[in-house]
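Listed in order, the protein sequences are those of chains A and B.
For reference, each letter of the first sequence is one residue, going 0 to 109 in numbering that gives the first Met the number 0.
For reference, each letter of the second sequence is one residue, going 0 to 109 in numbering that gives the first Met the number 0.
Report on the following structure.
Protein chains: 2
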Amino acid sequence: MATHKKDEFSQKEQEMAAISKALSHPARIAILKALAQKNECICGQLVEVLPLAQSTVSQHLKELKSVGLITGETDGPRSCYCINWKTLEKFLGDFNFLFEKLKSVNSKCC
Amino acid sequence: MATHKKDEFSQKEQEMAAISKALSHPARIAILKALAQKNECICGQLVEVLPLAQSTVSQHLKELKSVGLITGETDGPRSCYCINWKTLEKFLGDFNFLFEKLKSVNSKCC
DNA sequence: ACACATTATCGTATATTTGCGATATAAGAT
DNA sequence: ATCTTATATCGCAAATATACGATAATGTGT
């Protein structure tokens, strides 16, 4: 039975997993890449870059937004999405912290 | 129709997504954390730390291993898992590279 | 007010993930 | 050889994710 046990893990573990999950699809990586390269809000045009239907892209954007990896506003027929640098930095920082100890002594292992 | 379109993305995008996916479950984060803290091979004992059945833990280990985040050997009733620092470093490096540009000019955005 | 263009949401089919118990496997101990 | 112990694999049920078309929502222009 797949009663998910995610709640039995620590807050931080869940958080890191949630952000990783948002990053776990090539389309979402591609979206972030596009946003990073443009280095400014993308107002549309995302659908044309991706090999996916508009509704699917919208879903992916929603997921990225829900974990705070991007910010986005829609103003009628216009949209403005851009990377939330703060979340990304925190995420990378969490990983670096997690493996800090390992980094310094990474020879003890097999 | 959920015919997955992952193949239509670049190699790098798929690779980053695959590793993110491996990290997208709190149990797997917890496993990496345990391995990092011990800073050496863990020969068993992982099941006792996690709120999951043995078979489930084994599956999670398999997933981490399949993307190269950990290395593992089983020798009869004994196992030896440890973090593959190389993969982890590459992963974090890929992200840093992806957002390098953004990092330097992250004020242009909303 | 009306049509237009762009984005979001809903409904739904299919695929994948999660979790466990049961069973298999494999080395060490008696 | 048999028993014990630790790990892996199989089979299945339930939950999630993926993708799309259809439709709704929301400003803009006429």
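Glycine is no exception: its CB is placed at the ideal position from the N, C-alpha and C atoms.
**Request:** Enumerate in chain order the residues of its own chain whose CB-to-CB distance from E62(B) is below 6 Å, with the five nearest sequence positions on each side excluded.
**Result:** Answer for E62(B): A21, listed in chain order.
**Message:** Buried or exposed for S106(A), going by 16 or more other Cβ atoms inside 10 Å?
**Reply:** Confidence is the limiting factor: at S106(A) the pLDDT is only 47, short of 50, which leaves the residue's position unreliable and the question unanswerable from this model.
**Request:** For the stretch 70–78 of chain A and the stretch 19–35 of chain A, state whether three or more C-beta atom pairs, one from each stretch, are separated by less than 8 Å.
**Result:** no
**Message:** Let me check understanding here. Comparing Cα to Cα, which of E39(B), L49(B), Q13(B) lies closest to W84(B)?
**Reply:** In terms of Cα proximity to W84(B), the closest of E39(B), L49(B), Q13(B) is E39(B).
**Message:** According to DSSP, simplified to helix, strand and coil, what is S106(B)?
**Reply:** Summary for S106(B): the model assigns pLDDT 47, below 50, so the residue's position carries little reliability; its value from the coordinates is reported in the next sentence. DSSP places S106(B) in coil when its eight states are reduced to three.
**chain B within 8 Å of K61(A), Cβ atoms only** = no
**Item:** Minimum Cβ-Cβ distance from K89(A) to chain B less than 8 Å
**Value:** No Cβ of chain B is located within less than 8 Å of the beta carbon of K89(A).
**Message:** Any beta carbon from chain B within less than 8 Å of P76(A)'s own beta carbon?
**Reply:** no
**Asked** In chain order, what residues of the same chain lie with their CB nearer than 6 Å to the CB of F90(B), ignoring the 5 residues before and after it?
**Response** I18
**Message:** In chain order, what are the residue ranges of uninterrupted alpha helix (DSSP H) at least 4 long that sit wholly in the stretch 20–62 of chain A?
**Reply:** 25–37, 45–48
**Contact list for I28(B) against chain A, beta-carbon separation under 7 Å** = E12, M15, A16
**Request:** Would you mind giving the Cβ-Cβ distance between L87(A) and F8(B), rounded to the nearest angstrom? I have them listed as a contact below 8 Å.
**Result:** For L87(A) against F8(B), the beta-carbon gap comes to about 20 Å, at or over 8 Å, which does not count as contact.
**Prompt:** Between L51(B) and K4(A), which are expected to be in contact by the criterion C-beta below 8 Å, what is the C-beta distance as a whole number of angstroms?
**Reply:** 6 Å
**Message:** Strictly below 7 Å CB to CB, what residues from chain B border K4(A)?
**Reply:** P50, L51
**Request:** Give the interface partners of S19(B) over in chain A, defined as CB-CB distance under 7 Å, in chain order.
**Result:** S19, L22, S23
**Contact set between K32(A) and chain B, taken where Cβ atoms lie within less than 8 Å** = E12, L97
**Prompt:** By DSSP, does S9(A) sit in helix, in strand, or in coil?
**Reply:** coil
**Message:** Using C-beta distances below 6 Å, list every residue in its chain close to M15(B), excluding the 5 sequence neighbours before and after it, in chain order.
**Reply:** D93
**Request:** Kindly list, in the order they appear in chain B, the residues whose Cβ is closer than 7 Å to that of E7(A).
**Result:** In chain order: P50.
**Asked** Per DSSP, T70(A) forms a beta bridge with which residues?
**Response** C81(A)
**Asked** Can you check whether the CB of C42(A) is closer than 8 Å to the CB of S78(A)?
**Response** yes
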